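Numbering (my numbering), first residue to last: 5 to 189. Let me begin by presenting the structure, written as structure tokens, before commenting on it.
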């Protein structure tokens, strides 16, 4: 009988430990100030002093994944993949930023893989973007008309073997291809 009591106590202590561990994995509250602060800590965890400014965030359909679009103080565009836990708070899974006008990434969620586009639309020249996987398995178009900075996404078919990388083609409102040289001042 004493052994059963010890076993119950051991299981209870382990369960409490797991709950504490889980809740500590998701420390970011569900508001823009907390996301901004969490993103700044995340971005500067190794070295450097990046100051990301959150522009917007979206949920990838009915998944637990959110994409945050941000811009650094020197104008680079970036994204962060946040995952929402059972406690209603977020953890940052990964992030990235750079000088590209538009970037493509694959995001693995609890409901499949998504292709995302993040970027800026200089002088609002881009009407839509065609994203074609290098493997040729899949392509999709994203309308970014009138958006200065954007997040666009598409759920990729489950049988997609190579969801990354992809070729991006930019089109203007007349359906003509826009070359990268047209974005440079």
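Glycine residues also receive a C-beta, built at the ideal position from the N, C-alpha and C atoms. As the structure is a prediction and not an experimental result, all values here were calculated from the model.
- Under a 10 Å Cβ-count criterion, residue 124 is classified as buried, with 16 or more other Cβ atoms of the shown protein chains found around its own Cβ.
- With a cutoff of 8 Å on beta-carbon distance, residue 108 and residue 119 are scored as near each other.
- By the criterion of at least three beta-carbon pairs nearer than 8 Å, the region 63-71 is not in contact with the region 160-173.
- At a cut-off of 3 residues, the continuous stretches assigned as beta strand (DSSP E) that sit fully inside the region 53-124 are 57-63, 69-75, 81-88, 94-102, 106-113, 116-124.
- Ranking 78, 115, 127, 35 by CA distance to the CA of residue 187 puts 127 first.
- Secondary structure of residue 50 (DSSP, three-state): coil.
- With 16 or more neighbouring CB atoms inside 10 Å of its own CB, residue 32 falls in the buried class.
- Nearest to residue 98 by alpha-carbon distance, out of 43, 175, 172, 169, is 43.
- In this structure, the beta-carbon distance from residue 39 to residue 69 does not fall below 8 Å.
- If you look at residue 180, you'll find it isn't in any beta strand (DSSP E); DSSP assigns it neither H nor E.
- Looking at the backbone, the Cα of residue 174 and that of residue 41 are separated by about 34 Å.
- Secondary-structure assignment with DSSP links residue 137 through a beta bridge to 170.
- Cα atoms of residue 185 and residue 23: separation of roughly 53 Å, rounded to the nearest angstrom.
- Of 130, 169, 144, the smallest CA-CA separation from residue 179 is found for 130.
- Excluding its 5 nearest sequence neighbours in each direction, residue 170 has C-beta neighbours in its own chain below 7 Å: 108, 119, 135, 136, 137, 138, listed in chain order.
- Within the same chain, and ignoring the five residues on either side of residue 95 in sequence, the residues whose Cβ sits closer than 6 Å to its Cβ are 29, 30, 87.
- At the C-beta level, residue 36 and residue 57 stay beyond 8 Å of one another.
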